[in-house]
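Chains as they are written, first to last, in the working numbering: chain A, 1474 to 1546; chain B, 27 to 241.
Even glycine gets a Cβ: it sits at the ideal position worked out from N, Cα and C.
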Amino acid sequence: MAMTMTIERVMAFMGLDVLVARDEGLFEAEGLDLRIAALPPDEIRSAAEGTPSKPATNQGKLQARGAAQMFQA
Amino acid sequence: MIVCAALVVPPTSTVFAPQELAHKRVALDYGNGTAYAGLQMLEAAMPRDAVTSCAGATSPAERFAGLMRGDFDATVLQEPWITVAEKAGCRLVSTTFFHGTWVATRDVSVEAYAALLRAITRAVRHINADKRGYVSYFIRDWSGHPEVEALKPQDFNLGRIQLKEPGPIPEDEARWAWDWMASWGLIAGAFDVTTQINRTVEREAHELAAVVRAG
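This is the structure:
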């Protein structure tokens, strides 16, 4: 039975390796069902709304509510 | 994955070196690694009280547009927008690299993490063997943005695309990053490696994944 893991969305600039591993079936070959979850568009806040000490980041939001196990910071 | 970030000024800027950004408005996407990389590039070139940042959008497309409109003097960009900016005549006055770091919940198993590490290690090897062949991923991320869609694989500077096989987090680097963020008031409290890094899961997963590295 495959292991499952959900991670937050990555883009090529910081997650090219993850995207290539997914597309080339490398997670599947390792018995890992890797799922990539994205925040609903209406929940995405722009960093322009934040301040240095109180940033409006989207990273970790899915993990915080149990919808993802990992995210890349 | 190693992330490249660049401080970029518009074609008409009088700024050619990072110290010339002292007291000039630099748009940073606060809360993201690129913003912290931007801060580090600025503070390496000037006293902290001369660093003048303003809130930039999360989207590098929006920050690039703001730069070209003259909303601020400089911004920090990542690929493929560094390449877009260069094609538009912008100048890079500083570039840097930083590690992307995984943040995991306590329920990630050793076996699942090891599988992730093995798959990523293989992907890194595939990409490093043919970087040019994989730059289309940077373009694919920005479908619908004509500036990116106009890029060709040969436009990319492959020196800015760096991938490293995953490894354990060095404690001294984690401590330095924590202390640096604390010094800017971005994080509070003292660094405690035992609460930040689960060394047992990390070590066992890397040992399980080591067979790939040996192969």
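Just confirm the distance between the C-beta atoms of residue i and residue j, as a whole number of angstroms; I'd bet it's less than 8 Å.
| i | j | result |
| --- | --- | --- |
| B/Ala114 | B/Pro37 | 7 Å |
| B/Val29 | B/Gly126 | 6 Å |
| B/Gly57 | A/Ala1529 | 6 Å |
| B/Ala203 | B/Val102 | Not confirmed; about 17 Å, so no contact. |
| A/Leu1535 | A/Leu1512 | 6 Å |
How long is the line joining the alpha carbons of residue i and residue j, rounded to whole angstroms?
| i | j | result |
| --- | --- | --- |
| B/Glu112 | B/Ala70 | 23 Å |
| B/His152 | A/Phe1500 | 14 Å |
| B/Glu175 | B/Pro106 | 10 Å |
| A/Ala1494 | B/His49 | 43 Å |
| A/Arg1548 | B/Ala53 | Residue 1548 of chain A lies beyond the residue range present for chain A, which begins at 1474 and ends at 1546; the question has no answer from this structure. |
| B/Leu68 | B/Met207 | 14 Å |
| B/Ala61 | B/Gly82 | 9 Å |
| B/Asp156 | B/Gly215 | 43 Å |
| B/His232 | B/Ala140 | 6 Å |
| A/Val1483 | A/Met1543 | 11 Å |
| B/Val219 | B/Thr40 | 44 Å |
| B/Ala117 | A/Leu1505 | The residue you asked about is not Ala; residue 117 of chain B is Arg in the sequence shown. Roughly 43 Å separates the two Cα atoms. |
When the cut-off is 9 Å and only beta carbons count, does residue i lie next to chain B?
| i | result |
| --- | --- |
| A/Pro1528 | yes |
| A/Leu1505 | yes |
| A/Arg1518 | yes |
| A/Leu1489 | yes |
For a cutoff of 9 Å on Cβ pairs, would you count residue i as touching chain A?
| i | result |
| --- | --- |
| B/Gln180 | no |
| B/Asn58 | yes |
| B/Leu142 | yes |
| B/His152 | yes |
| B/Ile187 | yes |
Let me confirm a value: residue i is counted as buried when at least 16 other C-beta atoms fall within 10 Å, else exposed. Which label applies?
| i | result |
| --- | --- |
| B/Pro172 | exposed |
| B/Gly59 | buried |
| B/Pro44 | buried |
| B/Ser120 | buried |
| A/Asp1515 | exposed |
| B/Arg225 | exposed |
Looking at the unbroken alpha helix (DSSP H) that takes in residue i, where does it start and where does it end?
| i | result |
| --- | --- |
| B/Ala208 | 197 to 209 |
| A/Val1491 | 1485 to 1496 |
| B/Phe90 | 86 to 95 |
| B/Val110 | 107 to 113 |
| B/Met67 | 59 to 69 |
| B/Arg144 | 136 to 155 |
| B/Val119 | Here B/Val119 belongs to no alpha helix (DSSP H); instead the beta strand (DSSP E) covers 117 to 125. |
Since residue i is in the beta strand (DSSP E), which residue starts that stretch and which ends it?
| i | result |
| --- | --- |
| A/Asp1506 | 1505 to 1510 |
| B/Ser79 | 78 to 81 |
| B/Ile28 | 28 to 35 |
| B/Arg51 | 51 to 54 |
| A/Gln1545 | 1543 to 1545 |
| A/Thr1479 | 1476 to 1481 |
| B/Leu103 | 100 to 103 |
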